[in-house]
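J.: In UniProt numbering, the protein residues as written are 1 to 415. Think of the CB as a built atom: it goes at the ideal place given N, C-alpha and C, for glycine as much as any other residue. One structure follows; several queries about it will come next.
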Amino acid sequence: MKLFPFGHATHPQWQMAAGLVLAQVRAQMALHGYASSPTLGILYITDHYANDAQDILDHLGAELPEITDWSGTVGVGIASSNVEYFDEPALAVMLCELPTDQYRVFSGVAPLGLGFEPHTALVHADASTPDVAELIAEMAGRTATGYLFGGLSASRTQAVQFAVGGNGNIRGHGAAGGVFRGGLSGVAFGEGITLVSRVTQGCQPVAPQRLITAAQGNVITGLDGEPALDVLLRDTHISLDEPEQAMSALRATLVGLVEPGADAVARTGNFGADVVVRHIIGLDPGRRGVAVADQVETGMRMAFCQRNSVAARADLVRICAEIREELEPQEMTLPVAAALASNDAQAAPSPERRIAGAIYVSCAGRGGPHFGGPSAELQIVRRALGDVPLVGFFAGGEIARNHLYGYTGVLTVFC
Numbered sequence: 001m002k003l004f005p006f007g008h009a010t011h012p013q014w015q016m017a018a019g020l021v022l023a024q025v026r027a028q029m030a031l032h033g034y035a036s037s038p039t040l041g042i043l044y045i046t047d048h049y050a051n052d053a054q055d056i057l058d059h060l061g062a063e064l065p066e067i068t069d070w071s072g073t074v075g076v077g078i079a080s081s082n083v084e085y086f087d088e089p090a091l092a093v094m095l096c097e098l099p100t101d102q103y104r105v106f107s108g109v110a111p112l113g114l115g116f117e118p119h120t121a122l123v124h125a126d127a128s129t130p131d132v133a134e135l136i137a138e139m140a141g142r143t144a145t146g147y148l149f150g151g152l153s154a155s156r157t158q159a160v161q162f163a164v165g166g167n168g169n170i171r172g173h174g175a176a177g178g179v180f181r182g183g184l185s186g187v188a189f190g191e192g193i194t195l196v197s198r199v200t201q202g203c204q205p206v207a208p209q210r211l212i213t214a215a216q217g218n219v220i221t222g223l224d225g226e227p228a229l230d231v232l233l234r235d236t237h238i239s240l241d242e243p244e245q246a247m248s249a250l251r252a253t254l255v256g257l258v259e260p261g262a263d264a265v266a267r268t269g270n271f272g273a274d275v276v277v278r279h280i281i282g283l284d285p286g287r288r289g290v291a292v293a294d295q296v297e298t299g300m301r302m303a304f305c306q307r308n309s310v311a312a313r314a315d316l317v318r319i320c321a322e323i324r325e326e327l328e329p330q331e332m333t334l335p336v337a338a339a340l341a342s343n344d345a346q347a348a349p350s351p352e353r354r355i356a357g358a359i360y361v362s363c364a365g366r367g368g369p370h371f372g373g374p375s376a377e378l379q380i381v382r383r384a385l386g387d388v389p390l391v392g393f394f395a396g397g398e399i400a401r402n403h404l405y406g407y408t409g410v411l412t413v414f415c
């Protein structure tokens, strides 16, 4: 599989940004080693361009008529190789050369039909859609592997999604132009498309893991047989006798939940991929309970946690290293081995690495500022994974497998 052409740009006028992106992808399509006949375009825009989404899609479709399928969405920020665009007008495009019988674009008005068996899927979803978590789980259940990756659209204006298939419109869209609001959309991939995906957590446990022994709805009332509120105050060293300090500490405290039998802690001591982090949304003094932003059941495990930039950085490097380890061949030439050992980013696109492109979806609460500076998160990815084609966006929630996460990053590579 050849490298996917990609481009990114910022400009107050979307036409100028699109022109810069088109110049980049066209130049790469003419280079040896890059795909020259892509058919699937991945498009991400910041919310500054949300009101112009249809015009942007129409323009790119006209300028790139060979791209018959499009998928994407809007974020409060977008990402590409080594760069993040936050609070500025920007767009990023990646053109994928994949067998056309191995993927299908879908949306709420044109769902996947019979005759195509999805193994994995890139999913974009609207957070305002009722029961969006259940829809994500249902979609995962329709894939052979149960694995989804993607995220929730994030916008201060319109939460738009892009979904165009085949002849310019997916059959069933009617007069729709490929820009949608609400529901789910994305790309389902067949068995012939090989993906490697990892979840990186942004929070670190600050107390021992606990067993939920009593719960009702979204209120945890018992932990290890004790009143949950008492355990929270003891584990986090919070005193309700000092209300102002207690409120500040509670706002910084989150809950990491994990289903029974799932992996709660990774080998690094941080949260494992099965942990979903949720906010504490209230205390129930009458029942000595703790209310969280999700449904909870007895038998689940949890741990109180906090966002931690050092742990997030280490975990991001870890997942990139795991992906590299899985993709690198058992035997390689001496120059390639030496380049990789020296962390030479320019060696990354070599055929031995077998990475055609990558999609990175990160939480809107992460990004460079959380990691120490502008574009710091994507610079970590580039240093650890290499200089591979990459696009992504900063989401209102991240999707991996059948879970809806928060404060995480989901890195997926095509190989």
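Taking the beta carbon of residue 271 as the centre, do at least 16 other beta carbons fall within 10 Å, making it buried, or is it exposed?
T.: Classification for residue 271: buried.
J.: Check whether the Cβ of residue 260 lies closer than 8 Å to any Cβ atom in chain B.
T.: No chain B appears in the structure shown, which is made up of a single protein chain.
J.: Check this for me: beta carbons of residue 360 and residue 381, under 8 Å apart or not?
T.: yes
J.: Assess, as a yes-or-no matter, whether the stretch 68 to 75 is touched by the stretch 148 to 165 under the definition of 3 or more beta carbon pairs within less than 8 Å.
T.: Yes: the two stretches touch, three or more of their Cβ pairs being nearer than 8 Å.
J.: Mind listing, in chain order, the continuous beta strand (DSSP E) runs of no fewer than 3 residues lying wholly within the stretch 127 to 173?
T.: 147 to 152 and 160 to 164
J.: Where DSSP assigns a beta bridge to residue 220, which residues make up the other side?
T.: Answer by DSSP bridge pairing, in chain order: 215 and 290.
J.: Go through its chain and collect everything with a Cβ distance to residue 268's Cβ below 8 Å, but skip five positions before and after it.
T.: Its pLDDT being 48, under 50, residue 268 is placed unreliably by the model, and the measurement read from it follows with that caveat. Cβ neighbours of residue 268 beyond the five flanking positions: 314, 315 and 318.
J.: Excluding the five sequence neighbours on either side, which residues of its own chain have a C-beta within less than 8 Å of the C-beta of residue 52, listed in chain order?
T.: 14
J.: With DSSP run on the structure shown, which of helix, strand or coil describes residue 94?
T.: strand
J.: Specify the secondary structure class of residue 237 as computed by DSSP and reduced to three states.
T.: coil
J.: Confirm, please, whether the CB-CB distance from residue 412 to residue 81 is below 8 Å.
T.: The beta carbons of residue 81 and residue 412 sit no closer together than 8 Å.
J.: What is the DSSP secondary structure of residue 317, counted as helix, strand or coil?
T.: Of the three classes helix, strand and coil, the one that applies to residue 317 here is helix, per DSSP.
J.: Can you tell which of 250, 298 and 260 has its C-alpha closest to the C-alpha of residue 278?
T.: Residue 250 is the option with its Cα nearest to residue 278.
J.: Helix, strand or coil for residue 347, going by three-state DSSP, please let me know.
T.: Residue placement at residue 347 is flagged as unreliable, the pLDDT there being 43, under the threshold of 50; a coordinate-derived value is accordingly withheld.
J.: Once DSSP output is grouped into helix, strand and coil, what is the label at residue 382?
T.: helix
J.: Apply the 10 Å Cβ neighbour rule to residue 296 and answer buried if 16 or more other Cβ atoms are within range, or exposed otherwise.
T.: buried
J.: Apart from the five residues just before and just after residue 392, which ones in its own chain have a Cβ nearer than 6 Å to its Cβ?
T.: 79, 359, 360 and 361
J.: Terminal residues of the continuous alpha helix (DSSP H) containing residue 25?
T.: 14 to 29
J.: What is the DSSP secondary structure of residue 260, counted as helix, strand or coil?
T.: Assignment of residue 260 by DSSP, reduced to helix, strand and coil, places it in the coil class.
J.: By Cβ distance, which residues of its chain are closer than 7 Å to residue 408, with the 5 residues on each side in sequence left out?
T.: Around residue 408: 199, 200, 201, 202, 363 and 398.
J.: Quick one: measure Cβ to Cβ for residue 356 and residue 320, integer angstroms, because I've assumed they're closer than 8 Å.
T.: Between residue 320 and residue 356 the Cβ distance is about 16 Å, and since that is not below 8 Å, they are no contact.
J.: Count the C-beta pairs between the stretch 123 to 135 and the stretch 210 to 217 that are closer than 8 Å, then say yes if the count reaches three, no if not.
T.: no
J.: Checking 8 Å against the spacing of the C-beta atoms, do residue 122 and residue 192 come in under that value?
T.: no
J.: I need the boundaries of the alpha helix (DSSP H) containing residue 57, first residue and last residue.
T.: 53 to 63
J.: Out of 17, 298 and 149, state which residue places its alpha-carbon closest to the alpha-carbon of residue 93.
T.: 17
J.: Please state the DSSP three-state secondary structure of residue 400.
T.: strand
J.: If you follow the alpha helix (DSSP H) that residue 371 is in, where does it begin and where does it stop?
T.: 367 to 371
J.: Would you report the Cα separation of residue 404 and residue 139, rounded to the nearest angstrom?
T.: 12 Å
J.: Should residue 12 go down as buried or exposed, given a rule of 16 or more other Cβ atoms within 10 Å for buried?
T.: exposed
J.: Reducing DSSP to helix, strand and coil, say where residue 69 ends up.
T.: Strand at residue 69.
J.: Could you tell me how far apart the beta carbons of residue 2 and residue 23 are, in whole angstroms, since I believe they sit closer than 8 Å?
T.: About 20 Å; that fails the 8 Å criterion.
J.: Just mark residue 28 as buried or exposed, buried being the case when its beta carbon has 16 or more other beta carbons within 10 Å.
T.: Burial state of residue 28 is buried, judged by a 10 Å Cβ sphere holding 16 or more other Cβ atoms.
J.: Look at the Cβ atom of residue 96, then the Cβ atom of residue 204, and state whether they are nearer than 8 Å.
T.: no
J.: Could you have a look at residue 119 and say whether DSSP puts it in helix, strand or coil?
T.: It is coil, neither helix nor strand.
J.: Out of curiosity, what's the CA-to-CA distance linking residue 369 and residue 115?
T.: 46 Å
J.: Can you grab the Cα-Cα spacing for the pair residue 102 / residue 289, in whole Å?
T.: 49 Å
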